[in-house]
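I have placed the structure first, in the form of structure tokens, so that the comments after it can refer back to it.
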Amino acid sequence: MSFPDKEKRQKCWDSRDRYWECLDKSGDQMEKCMEVRAVYETTCPSQWVKHFDRKREYLKFKERIQNDGYEPLDEKKSSSKPPVDQ
């Protein structure tokens with residue numbers, strides 16, 4: 508695979524942005540954005556699609572943590588595992 512030129516990169520980023528915008532408007536319901544997703548997948552290299560999908564998941568996770576806060580696991584739950592024999 509050759510590296511996309513400036514025009515192809517811009518088309519990819521634009522299609523990604525349209526897809527993310529569709530997801531934002533639809534409340535992350537992928538079924539409503541399938542046509543936009545198809546354009547996104549054909550416009551961008553597959554590795555880029557994977558990267559951008561992971562990036563969106565991370566950004567959504569980060570937003571939830573910032574808005575809702577972080578709750579650590581209960582100590583009793585995490586220490587209830589049996590000891591490992593050596």
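508 is the number of the first residue of the sequence shown in the numbering used here; add one for each residue after it. Ideal placement from N, C-alpha and C gives every residue a C-beta, glycine not left out. None of these values were measured; they are calculated from a predicted model.
Contact check between the stretch 532-541 and the stretch 512-520: fewer than three CB pairs, one atom from each, fall below 8 Å, which does not count as touching.
Membership of K532 in the alpha helix (DSSP H) is indicated by the continuous run 513-533.
Per DSSP, the unbroken alpha helix (DSSP H) holding K567 starts and ends at 553-575. Segment contact: the stretch 544-552 against the stretch 523-531, three or more CB-CB distances shorter than 8 Å; contact assigned.
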